[in-house]
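Chains as they are written, first to last, in the working numbering: chain D, 1 to 269; chain Y, 270 to 496.
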């Protein structure tokens, strides 16, 4: 039986797809057979970040509507044999998703995979609700700003009231907080919410903190999940995050302002 | 045959609302009254032509003399008004109306009846956080929240609301009009507090922080910080 993890946020542009790519790659590299599903029907992005956009033949909606079987639509990652991608349709809209269709696909995937990562679209409408409906646990991605935190709070409410687990009185969806684009310098200046503030408002256990990093944009453009960039702080932070997801106890890093050395001060950097 | 039916059935009554002017009578002096009346009528003569009107005598604490009243009615008729009823304090003026052949209208009849408030007997307990966009309503009950209420959430109760955590959303106590209820919270960061329809928004909160108690004091909402 696979664990279904939804990566969600409410707000757009906070790093859901980046996180889905990094976490699914991290889980696969740790030896767990993982599939990542792009629920953002109509705004297909995950395949670009996973560098498999030229290999998409059939997609999620094709499988739901019976035009293709699941194995035809699954794309095997070239870097890690444990990782598969189920891309979204770019030409349909989110109404193509039905509860029965999604359940059917998740049931099939559950037989073969250990982890199913659902990359949710932004918003709280049908597409986002479909992505989180069958989840066992959720990674709520939040930026250190008030509107993002407010939207995450809203999505947490939906997780606890409109998910399959909530509607059938099962154990609630397990919540994890992932703070992305964190910049300790701006927190010190009072321009960003601190981690303590966010934890206080959302009251959800902290899974990880991903620092604001140039490496994330580079990774997206080159189609390599940032977790593969082991030299970057963001890559290391995602690696820690995956470790914690698998039950390891790791300290949070990159929370303090890095002191610049004398040479860096003189020559910049 | 038709005639037989007619005889047995009598009149068919219909209840209908009729618009009429209510003239507040503030003086018993015929000249002053006439002057006031013409001033009013001159503002919109067409409105008062052959218009039914009710004399409101609630300004008087004693019964008006029948002669005086008749004179006032004559003045009304002279101005082409058709007075047909009297209204005011029932005990004092009811007989006056009968004496000048006018109907009696009960002032209270038109006002909505105050519904009897259901007693608050139950308590609703919420243990999970109340998130943005969620709404909780404790009908005929107190609301006890053993967690936080996020910004953008709304907690409503007919009785009291107690929040054992931070209150960042809206809290509406006494939703059916019960004034003797309170909102108490561990950390006062609410967007809005309302008790029995009286509300205060965050901008107008008194300075302070921490645990707080909100209650009604003679129609104004008071927020006391407990720390």
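Beta carbons: idealized from backbone N, C-alpha and C, even for Gly.
Residue from Y:482, Y:396 and Y:282 whose Cα sits closest to the Cα of residue 429 of chain Y | Along the second chain, one-based indexing puts residue 429 of chain Y at 160. Out of Y:482, Y:396 and Y:282, Y:482 has the C-alpha closest to the C-alpha of residue 429 of chain Y.
Going by beta carbon distance, what residues of the same chain come within less than 7 Å of residue 22 of chain D, once the five residues before and after it are set aside?
-> As a first step, residue 22 of chain D must be located in the first chain, where it is residue number 22. Hits under 7 Å: 225, 226, 227 and 238.
Please check if any C-beta of chain Y sits within less than 8 Å of the C-beta of residue 120 of chain D.
-> On the first chain, residue 120 of chain D is found 120 positions in, with the first residue counted as 1. Chain Y, which has no Cβ nearer than 8 Å to the Cβ of residue 120 of chain D, makes this no.
Please classify residue 351 of chain Y: is it buried, with 16 or more other beta-carbons within 10 angstroms of its beta-carbon, or exposed?
-> As a first step, residue 351 of chain Y must be located in the second chain, where it is residue number 82. Exposed is the call here.
Which residues, in chain order, does the stretch 403-420 of chain Y contribute to contact with chain D at a C-beta distance below 8 Å?
-> 403, 416, 417, 419 and 420
Could you tell me which of D:160, D:79, D:212 and D:108 sits nearest to residue 24 of chain D, measuring between CA atoms?
-> Position 24 of the first chain holds residue 24 of chain D. Ranking D:160, D:79, D:212 and D:108 by Cα distance to residue 24 of chain D puts D:79 first.
Helix or strand or just coil, what does DSSP make of residue 205 of chain D?
-> The residue given as residue 205 of chain D occupies position 205 in the first chain. Note: residue 205 of chain D maps to coil in three-state DSSP.
In whole angstroms, what is the alpha-carbon distance linking residue 144 of chain D and residue 486 of chain Y?
-> Here residue 144 of chain D refers to the residue found at position 144 when the first chain is read from its first residue. Here residue 486 of chain Y refers to the residue found at position 217 when the second chain is read from its first residue. C-alpha separation (whole angstroms): 40 Å.
Give the DSSP bridge partners of residue 411 of chain Y, in chain order.
-> Position 142 of the second chain, counting from 1, holds the residue named residue 411 of chain Y. Note: residue 411 of chain Y sits in a beta bridge opposite Y:392.
Who are the neighbours of residue 160 of chain D on chain Y, taking C-beta pairs under 9 Å?
-> The sequence position of residue 160 of chain D within the first chain is 160, counting from 1. Going along chain Y in sequence order, the residues near residue 160 of chain D (Cβ under 9 Å) are 397, 398, 400 and 403.
Using the beta-carbon of each residue, which ones in chain Y are nearer than 8 Å to residue 106 of chain D?
-> Stepping through the first chain from its first residue, residue 106 of chain D is reached at position 106. Neighbours of residue 106 of chain D on chain Y: none; closest Cβ ~25 Å, over 8 Å.
What number of angstroms, rounded off, separates the C-alpha of residue 359 of chain Y from the C-alpha of residue 408 of chain Y?
-> Along the second chain, read from residue 1 onward, the residue named residue 359 of chain Y stands at position 90. Along the second chain, read from residue 1 onward, the residue named residue 408 of chain Y stands at position 139. One C-alpha to the other measures close to 38 Å.
Starting from the beta carbon of residue 157 of chain D, find every residue of chain Y whose beta carbon is closer than 7 Å, and list them in chain order.
-> Translated into positions along the first chain, residue 157 of chain D becomes position 157. The contacting residues are 400, 401, 402 and 403.
Proximal residues of chain Y, C-beta to C-beta of residue 165 of chain D below 8 Å = Locating residue 165 of chain D in the first chain gives position 165, counting from the first residue. Ordered by position in chain Y, no residue passes the 8 Å Cβ test against residue 165 of chain D, which lies about 13 Å from the chain.
CB residue 413 of chain Y to CB residue 392 of chain Y, shorter than 8 Å?
-> On the second chain, position 144 is the one that residue 413 of chain Y refers to. On the second chain, position 123 is the one that residue 392 of chain Y refers to. Yes, the pair counts as a contact, with Cβ atoms nearer than the cut-off.
Check whether the stretch 46-57 of chain D touches the stretch 94-101 of chain D, counting contact only when three or more Cβ pairs, one atom from each stretch, lie closer than 8 Å.
-> no
Can you pull the DSSP bridge partners for residue 467 of chain Y?
-> What you label residue 467 of chain Y is simply residue 198 of the second chain in a count that begins at 1. Bridge partners of residue 467 of chain Y: Y:464.
Enumerate in chain order the residues of its own chain whose CB-to-CB distance from residue 335 of chain Y is below 8 Å, with the five nearest sequence positions on each side excluded.
-> Locating residue 335 of chain Y in the second chain gives position 66, counting from the first residue. Excluding residues within five positions, the ones whose Cβ falls inside 8 Å are 365, 368 and 369.
Assuming residue 8 of chain D contacts residue 148 of chain D under a Cβ cut-off of 8 Å, what Cβ separation, rounded to an integer in Å, is found between them?
-> Position 8 of the first chain, counted from the first residue, corresponds to residue 8 of chain D. Position 148 of the first chain, counted from the first residue, corresponds to residue 148 of chain D. In fact, because the Cβ distance is near 12 Å, the residues do not count as touching under 8 Å.
Which first and last residues belong to the alpha helix (DSSP H) in which residue 337 of chain Y is found?
-> As a first step, residue 337 of chain Y is located in the second chain; it is residue number 68 there, counting from the start. Start and end: 335-347.
Using a Cβ cut-off of 9 Å, pull out every chain Y residue sitting near residue 201 of chain D, in sequence order please.
-> Numbered from its first residue, the first chain carries residue 201 of chain D at position 201. Within chain Y, the residues near residue 201 of chain D are 417, 419, 420, 435 and 437.
CA-CA distance, residue 468 of chain Y and residue 327 of chain Y?
-> Counting from one through the second chain, the residue named residue 468 of chain Y turns up at place 199. Counting from one through the second chain, the residue named residue 327 of chain Y turns up at place 58. One C-alpha to the other measures close to 33 Å.
With a cut-off of 8 Å, do at least 3 Cβ pairs link the stretch 49-65 of chain D to the stretch 251-260 of chain D?
-> no
Are the C-beta of residue 153 of chain D and some C-beta of chain Y separated by less than 8 Å?
-> For the purposes of this step, residue 153 of chain D is taken as residue 153 along the first chain, with counting starting at 1. Closer than 8 Å to some Cβ of chain Y, the Cβ of residue 153 of chain D qualifies, so yes.
Out of Y:344, Y:289, Y:315 and Y:280, point me to the one whose CA is closest to residue 304 of chain Y's CA.
-> For the purposes of this step, residue 304 of chain Y is identified with residue 35 of the second chain, where counting begins at 1. Comparing Cα-Cα distances from residue 304 of chain Y to each of Y:344, Y:289, Y:315 and Y:280, the minimum goes to Y:344.
Between residue 79 of chain D and chain Y, is there a C-beta pair that is closer than 8 Å?
-> Indexing the first chain from 1 puts residue 79 of chain D at position 79. No, because no Cβ of chain Y sits closer than 8 Å to the Cβ of residue 79 of chain D.
is_contact[residue 150 of chain D, chain Y] using C-beta, thresh 8 Å = By one-based count along the first chain, residue 150 of chain D stands at place 150. At least one chain Y Cβ lies under 8 Å of residue 150 of chain D.
Own chain residues within Cβ distance below 7 Å of residue 30 of chain D, not counting five before or after = Position 30 of the first chain, counted from the first residue, corresponds to residue 30 of chain D. Around residue 30 of chain D: 242 and 246.
So, residue 440 of chain Y versus residue 459 of chain Y, is the Cβ gap smaller than 8 Å?
-> Working through the second chain from its first residue, we reach residue 440 of chain Y at position 171. Working through the second chain from its first residue, we reach residue 459 of chain Y at position 190. Contact flag set, yes.
Closest to residue 404 of chain Y by CA distance: which of Y:390, Y:421 and Y:394 is it?
-> Taking the first residue of the second chain as 1, we reach residue 404 of chain Y at position 135. Nearest option by C-alpha distance: Y:421.
What does residue 176 of chain D pair with, by DSSP beta-bridge criteria?
-> By one-based count along the first chain, residue 176 of chain D stands at place 176. In DSSP, residue 176 of chain D forms a bridge with D:139.
In this structure, does DSSP put residue 399 of chain Y in helix, strand or coil?
-> Numbered from 1 along the second chain, position 130 holds the residue referred to as residue 399 of chain Y. Here residue 399 of chain Y sits in strand by DSSP.
Residue burial classification, residue 299 of chain Y (beta-carbon count within 10 angstroms, cutoff 16) | Numbered from its first residue, the second chain carries residue 299 of chain Y at position 30. Under this definition residue 299 of chain Y is an exposed residue.
Going by the CB atoms, is the gap between residue 115 of chain D and residue 3 of chain D shorter than 8 Å?
-> Sequence index remark: in the first chain, residue 3 of chain D carries index 3 (1-based). Sequence index remark: in the first chain, residue 115 of chain D carries index 115 (1-based). Contact flag set, yes.
Inter-stretch contact (C-beta, 8 Å, three-pair minimum) for the stretch 173-186 of chain D and the stretch 30-39 of chain D = no
When DSSP labels each residue in this structure, what does residue 231 of chain Y get in the three-state scheme?
-> Any property of residue 231 of chain Y remains undetermined from this structure, which presents chain Y solely from 270 to 496.
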